[in-house]
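Structure, as structure tokens:
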Amino acid sequence: MIRKPILVFQTDFTYKEGAVCAMYGVVKSVDRDLEIMDGSHELPQYDIWSASYRLYQSMEFWPEGTVFVSVVDPGVGTDRRACVARTRGGYIVVTPDNGSLTHVEKHIGVAEVREIDESRNRLPSTRGVSVFHGRDLFGYCAAKLASGLISFEEVGSSYSVDEIVKFPILEPTATRGKVNGIFEINDPNFGNMWTNIPTEVFLSAGFSYGDRPQVLVYRKGALVLKERVLFERSFGFAQKGELIIYNNELMNIGVAKVQGSLASDAKLGFGADWTVEFLP
Amino acid sequence: MIRKPILVFQTDFTYKEGAVCAMYGVVKSVDRDLEIMDGSHELPQYDIWSASYRLYQSMEFWPEGTVFVSVVDPGVGTDRRACVARTRGGYIVVTPDNGSLTHVEKHIGVAEVREIDESRNRLPSTRGVSVFHGRDLFGYCAAKLASGLISFEEVGSSYSVDEIVKFPILEPTATRGKVNGIFEINDPNFGNMWTNIPTEVFLSAGFSYGDRPQVLVYRKGALVLKERVLFERSFGFAQKGELIIYNNELMNIGVAKVQGSLASDAKLGFGADWTVEFLP
Amino acid sequence: MIRKPILVFQTDFTYKEGAVCAMYGVVKSVDRDLEIMDGSHELPQYDIWSASYRLYQSMEFWPEGTVFVSVVDPGVGTDRRACVARTRGGYIVVTPDNGSLTHVEKHIGVAEVREIDESRNRLPSTRGVSVFHGRDLFGYCAAKLASGLISFEEVGSSYSVDEIVKFPILEPTATRGKVNGIFEINDPNFGNMWTNIPTEVFLSAGFSYGDRPQVLVYRKGALVLKERVLFERSFGFAQKGELIIYNNELMNIGVAKVQGSLASDAKLGFGADWTVEFLP
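Residue numbers (numbering that gives the first Met the number 0), protein chains in the order written: chain A, 0 to 279; chain B, 0 to 279; chain C, 0 to 279.
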């Protein structure tokens with residue numbers, strides 16, 4: 000017997016009211032056996048980019064076949080597609096097709112995507128409600144799929160992977176002794192900034208652990224930070240309050256303040272506006 | 000074999016310290032097989048009204064027989080009753096009888112209620128502690144009940160459903176072209192305000208999707224908001240920052256600021272003091 | 000067949016990004032059958048003392064054999080030991096050996112401790128990453144241990160329990176009518192302050208429920224609070240806003256403001272600097 004896949008949820012709902020509770024109740028009412036895990040319910044509100052990044056950040060640590068339900072959905076109830084994607088690695092993502100698949104498509108690959116047929120895969124008792132697709136459409140459809148009540152084909156019609164809504168992703172550039180990229184995301188808990196520069200690229204450009212490269216951070220081209228910073232393996236190599244360049248958990252270059260918040264202290268953000276340059 | 004029911008917990012404890020962890024440990028020590036789900040541990044502190052509303056908000060999405068443990072309990076350790084209620088739909092609620100059953104009693108119905116017999120259904124190792132009934136009484140008793148170690152009758156003595164402590168609930172009024180109600184609760188995450196007016200009543204009064212009714216909000220009779228607001232199916236029909244009247248997830252009328260927080264921006268609260276009127 | 004133990008996690012990661020999700024994915028990839036429970040992911044950042052206290056606070060409410068994974072780890076990636084401890088009661092703790100075992104060692108006792116052998120018990124796919132031992136070392140090793148893939152002996156080499164890193168713990172003193180101690184921890188949610196004084200000691204010194212002892216709080220010897228406060232069984236015995244001395248959930252003396260936050264209002268902290276004295 001094939002085991003039913005785990006359902007991993009991520010949303011911007013928080014646990015402050017009853018939304019997550021109702022959504023999980025729907026899943027358990029479809030199939031009591033389904034195993035539900037919290038990915039996060041504290042994604043930044045309406046921040047599709049973060050939803051996209053967080054899916055990519057954790058996906059490949061889960062068993063093949065795991066079903067991710069991602070609901071950051073400012074366009075809920077409009078004509079943006081609701082979809083189920085199957086990745087190259089055999090994971091499933093149930094999500095509004097609003098950019099949330101950007102990083103998964105780029106880094107892992109989407110093999111097939113289908114638009115959820117609301118006439119068949121929507122919770123019947125809530126017809127008339129258009130504001131809570133997490134509960135009525137994504138959660139419900141994901142539960143049916145994970146429980147085996149419907150096949151992937153029965154989700155709805157297939158459409159071209161090329162039609163998936165994606166944000167542009169900037170690529171880092173590197174030459175000997177000079178690496179440029181962006182802050183692609185932060186760690187909102189510890190205030191660390193994560194670049195889009197693979198550590199491998201950084202090392203190939205000539206930087207070594209123990210070096211103190213110059214870090215230059217620009218916002219829309221205006222310099223906001225210029226400092227020599229230690230490049231080391233982990234935070235414990237620097238003193239509390241010092242900056243450090245490090246290899247982050249996805250093997251990209253990060254910049255952090257040891258036991259402090261670089262993001263808050265230096266008022267740094269992420270996205271295409273936030274470019275970063277490393278010089279010897 | 001009858002499957003053991005799921006336990007769904009809601010409290011105002013947060014996960015900031017070890018209380019939830021200890022409470023869940025007690026449940027697992029009673030019966031390792033019991034399945035625990037978080038409803039919420041971020042209810043507003045001491046806010047029995049929210050506890051009552053959140054139970055009602057999610058209950059019927061769960062499988063029949065689900066055991067809800069609700070612990071918002073400013074009177075812990077005093078003579079307020081600790082009880083277990085069985086609803087008309089076959090759900091169980093383990094809670095202080097302090098108003099937490101108000102919405103469930105009104106909207107779903109309580110078939111029977113019993114006072115927990117502390118002499119038999121309290122965690123023996125914590126005798127002397129009076130401040131943590133979530134762990135020592137409600138969690139422990141719920142676990143015994145869900146595991147089948149005690150029957151509903153063995154919880155303790157039955158008392159009249161009429162004796163259940165309830166808050167007064169105000170009813171909305173509607174005539175052709177005029178609907179009055181209160182803000183009954185908010186969505187503290189997105190800052191949306193939920194009225195006690197069923198969308199069906201609103202539509203019957205003559206309002207249609209696409210209309211722009213006048214919304215008047217009063218606090219203790221003093222006008223605090225007067226605005227024409229679009230009535231639509233979902234947030235995506237309005238621009239970011241605009242107000243919208245919509246059919247919320249419980250099929251009541253809500254008012255929201257699209258991708259913003261109406262509650263914070265307009266400093267709105269909920270309860271009997273916060274009346275709202277809709278005019279053509 | 001012996002049932003696989005539950006894994007209880009506590010960290011300072013929060014759920015704001017993908018770290019917890021990735022860590023749990025690793026566990027489920029090791030063994031789909033493992034049951035994961037959240038202890039807390041909202042411990043104060045870098046606060047090893049809180050990590051130590053929270054382990055002790057909840058441990059003995061869980062079934063024997065439960066595996067606790069505690070990751071508050073400001074020294075991640077340096078030469079602090081990563082260890083697995085087996086307690087006298089048969090619990091397992093997987094943690095950096097950085098002081099996190101202080102309270103468990105004192106109050107419960109550690110029978111044996113082993114240093115995790117990274118060459119065998121580290122997630123192979125993340126070699127090169129030094130900043131996320133929660134995912135790559137502690138979570139992974141705990142999963143292997145709980146699943147039975149490795150024995151306790153196969154964790155790594157044993158070392159002396161005497162070498163475990165511990166904070167000093169101050170002891171309370173009591174004579175007839177006078178009890179001295181410290182605020183050892185707070186309840187960051189409700190703002191209650193917990194002393195290190197067992198209620199038994201307090202009662203033996205002559206205080207009785209219903210009394211109004213004098214409470215004197217000093218910070219580094221300077222008086223910051225002096226007040227007569229009711230000593231009662233629970234919060235409901237005092238009015239909202241009043242202070243109360245009470246027997247807390249670990250049967251130590253606590254001081255609280257009823258339905259308020261004593262910690263915030265009186266700006267109180269905890270630790271060796273915060274001494275408290277009770278007089279008749």
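For each residue, glycine too, the CB sits at the ideal point set by N, CA and C.
Just verifying my parser: in three-state terms, what is the DSSP assignment at residue i?
{"i": "residue 193 (chain A)", "result": "strand"}
{"i": "residue 72 (chain C)", "result": "coil"}
{"i": "residue 47 (chain A)", "result": "helix"}
{"i": "residue 86 (chain A)", "result": "strand"}
{"i": "residue 3 (chain A)", "result": "coil"}
{"i": "residue 177 (chain A)", "result": "strand"}
{"i": "residue 118 (chain B)", "result": "helix"}
{"i": "residue 65 (chain A)", "result": "coil"}
{"i": "residue 56 (chain C)", "result": "helix"}
{"i": "residue 157 (chain B)", "result": "strand"}
{"i": "residue 101 (chain A)", "result": "helix"}
{"i": "residue 207 (chain A)", "result": "coil"}
{"i": "residue 15 (chain B)", "result": "coil"}
{"i": "residue 248 (chain A)", "result": "coil"}
{"i": "residue 164 (chain A)", "result": "coil"}
{"i": "residue 234 (chain A)", "result": "helix"}
I'd like to know whether the C-beta atoms of residue i and residue j end up nearer to each other than 8 Å.
{"i": "residue 257 (chain A)", "j": "residue 243 (chain A)", "result": "yes"}
{"i": "residue 41 (chain A)", "j": "residue 45 (chain C)", "result": "no"}
{"i": "residue 88 (chain B)", "j": "residue 107 (chain B)", "result": "yes"}
{"i": "residue 184 (chain A)", "j": "residue 104 (chain A)", "result": "no"}
{"i": "residue 186 (chain A)", "j": "residue 16 (chain C)", "result": "yes"}
{"i": "residue 234 (chain A)", "j": "residue 76 (chain C)", "result": "yes"}
{"i": "residue 123 (chain C)", "j": "residue 65 (chain C)", "result": "no"}
{"i": "residue 176 (chain C)", "j": "residue 261 (chain C)", "result": "no"}
{"i": "residue 155 (chain C)", "j": "residue 96 (chain C)", "result": "no"}
{"i": "residue 6 (chain A)", "j": "residue 68 (chain A)", "result": "yes"}
{"i": "residue 94 (chain A)", "j": "residue 137 (chain A)", "result": "yes"}
{"i": "residue 127 (chain B)", "j": "residue 22 (chain C)", "result": "no"}
{"i": "residue 133 (chain A)", "j": "residue 57 (chain B)", "result": "no"}
{"i": "residue 130 (chain A)", "j": "residue 247 (chain B)", "result": "yes"}
Could you tell me whether the Cβ of residue i comes closer than 8 Å to any Cβ of chain B?
{"i": "residue 174 (chain A)", "result": "no"}
{"i": "residue 195 (chain C)", "result": "no"}
{"i": "residue 129 (chain A)", "result": "yes"}
{"i": "residue 36 (chain C)", "result": "yes"}
{"i": "residue 251 (chain C)", "result": "no"}
{"i": "residue 61 (chain C)", "result": "yes"}
{"i": "residue 31 (chain C)", "result": "no"}
{"i": "residue 28 (chain A)", "result": "yes"}
Establish whether the CB of residue i and some CB of chain C are separated by less than 8 Å.
{"i": "residue 264 (chain A)", "result": "no"}
{"i": "residue 201 (chain A)", "result": "no"}
{"i": "residue 48 (chain A)", "result": "no"}
{"i": "residue 17 (chain B)", "result": "yes"}
{"i": "residue 76 (chain B)", "result": "yes"}
{"i": "residue 90 (chain A)", "result": "no"}
{"i": "residue 8 (chain B)", "result": "no"}
If you measure from the beta carbon of residue i to each beta carbon in chain A, is any gap under 8 Å?
{"i": "residue 56 (chain B)", "result": "yes"}
{"i": "residue 164 (chain B)", "result": "no"}
{"i": "residue 87 (chain B)", "result": "no"}
{"i": "residue 187 (chain B)", "result": "yes"}
{"i": "residue 98 (chain C)", "result": "no"}
{"i": "residue 234 (chain B)", "result": "yes"}
{"i": "residue 24 (chain C)", "result": "yes"}
{"i": "residue 95 (chain C)", "result": "no"}
{"i": "residue 20 (chain C)", "result": "yes"}
Is it right to say residue i is buried, meaning 16 or more other beta carbons lie within 10 angstroms of its own, or is it exposed?
{"i": "residue 226 (chain B)", "result": "exposed"}
{"i": "residue 49 (chain C)", "result": "buried"}
{"i": "residue 167 (chain C)", "result": "exposed"}
{"i": "residue 72 (chain C)", "result": "buried"}
{"i": "residue 238 (chain C)", "result": "exposed"}
{"i": "residue 271 (chain C)", "result": "exposed"}
Compute every distance between the C-beta of residue i and the non-hydrogen atoms of the ligand GDP, then say whether any falls below 7 Å.
{"i": "residue 92 (chain C)", "result": "Inclusion of the ligand GDP in the displayed structure is not the case, the ligand content being empty and no account of it being possible."}
(message) For the pair the segment 50–59 of chain C and the segment 76–85 of chain C, tell me if three or more CB-CB distances fall below 8 Å.
(response) no
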